[in-house]
Amino acid sequence: MRTVRLVSHVGVFQIPHFARLLCISDGGVVLYPDVNQKVEIIRNAIDVATKLGIERPKVALLAGANAASLDRPVTREIAGLVAMRELWDSLGAVVDGPFTLDVAVDPEAAAAAGKGGEVAGRAEVLVGPTLEATNTMCKGITYFAGGQMAGLVVGTRAPLALGSRSDPAETRLACVAIGVLFAKGEAIAS
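Numbering of the sequence shown is given in the numbering used here, commencing with residue 1 and proceeding in unit increments.
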């Protein structure tokens, strides 16, 4: 099932009172990704978002702060990833960060933090710093915000449906359905 691409997990979320689908990665495969692995995680998430019908996906790289800082190595790493604009443009996406979760998805929080640009407050794809942080965020969305996730493992010859052990049957079915459409290369209406 493996290819030359990195294998990673992308959760596709539908969240009550949130106007758009949200792709979140990697909450299930790569524990502590290095910079090269993060490039591939971002690439895989862009691929999923694009096949969901999201044109020019807005990708937010998450951290605990909204600016690069010597005290926070992950923010400096994110600044380096954001600087790869030519790569992201070639993939048809815009990547920005570091952002805290609120600044990434809420226009008012972005404005209050003084963050502008195409992504701040309007992200469609979130990439967390580690599997643990991302998985915890995904569980929080599911349990506290009533979000439903369809999970895919991508970077393989065919996508693998992967949800959580405690997922209800309808969520498991959604994982399989999105996986089938993704494998066929068909855009999924958002």
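Think of the CB as a built atom: it goes at the ideal place given N, C-alpha and C, for glycine as much as any other residue.
Are the region 157 to 171 and the region 70 to 80 touching, with three or more C-beta to C-beta distances below 8 angstroms?
no
Extent of the continuous beta strand (DSSP E) to which residue 12 belongs:
Your numbering for residue 12 matches position 12 in the sequence shown. Start and end: 8 to 14.
Return helix, strand or coil for residue 90, following the three-state DSSP convention.
Residue 90 sits at position 90 when you count from the first residue of the sequence shown. Residue 90: helix per DSSP, three-state reduction.
For residue 64, the three-state DSSP class (helix, strand or coil):
On the sequence shown, residue 64 is found 64 positions in, with the first residue counted as 1. In this structure, residue 64 counts as coil in the three-state DSSP scheme.
Residue 104, DSSP secondary structure in three states
Counting from one through the sequence shown, the residue named residue 104 turns up at place 104. Residue 104 falls in the helix class under three-state DSSP.
So residue 7 and residue 153 are in contact, right, with Cβ under 8 angstroms, and what is the actual spacing, rounded?
Against the sequence shown, residue 7 aligns to sequence position 7. Against the sequence shown, residue 153 aligns to sequence position 153. Right, their Cβ atoms sit about 6 angstroms apart.
Please state whether the Cβ-Cβ distance between residue 42 and residue 61 is less than 9 angstroms.
As a first step, residue 42 must be located in the sequence shown, where it is residue number 42. As a first step, residue 61 must be located in the sequence shown, where it is residue number 61. Yes; because the gap between Cβ atoms is below 9 angstroms, this pair is in contact.
Where does residue 189 land, buried or exposed, given buried means 16+ other C-beta within 10 angstroms?
Sequence index remark: in the sequence shown, residue 189 carries index 189 (1-based). Unreliable placement is indicated for residue 189, whose pLDDT of 43 sits below 50; the coordinate value is still reported in the next sentence. Exposed, because fewer than 16 other Cβ atoms sit within 10 Å of the Cβ of residue 189.
Shortest alpha-carbon distance to residue 78 belongs to which of 15, 95, 87, 90?
Against the sequence shown, residue 78 aligns to sequence position 78. Per the Cα distances, 95.
Member of 85, 83, 80, 75 whose CA lies at the smallest distance from the CA of residue 100:
Residue 100 sits at position 100 when you count from the first residue of the sequence shown. Nearest neighbour of residue 100 by Cα position, chosen from 85, 83, 80, 75, turns out to be 75.
Would you grab the beta carbon distance between residue 11 and residue 155 for me? Rounded to a whole angstrom, and I think it's under 8 angstroms.
Residue mapping note: residue 11 aligns to position 11 of the sequence shown, counting from 1. Residue mapping note: residue 155 aligns to position 155 of the sequence shown, counting from 1. Rounded, the Cβ-Cβ distance is 15 angstroms, inconsistent with contact.
Can residue 130 be considered in contact with the ligand GDP, in the sense that its beta carbon sits closer than 8 angstroms to one or more heavy atoms?
With respect to small molecules bound, the structure shown includes none, and the ligand GDP cannot be examined in it.
Which two residues bound the contiguous alpha helix (DSSP H) that contains residue 78?
Position 78 of the sequence shown, counting from 1, holds the residue named residue 78. Looking at the DSSP string, the run of the alpha helix (DSSP H) that includes residue 78 is 73 to 82.
Do you know whose CA, among 178, 177, 134, 183, lies nearest residue 30's CA?
Residue 30 sits at position 30 when you count from the first residue of the sequence shown. Of 178, 177, 134, 183, the residue nearest in Cα terms is 134.
Quick check on residue 17: does DSSP put it in helix, strand or coil?
Position 17 of the sequence shown, counted from the first residue, corresponds to residue 17. Here residue 17 sits in coil by DSSP.
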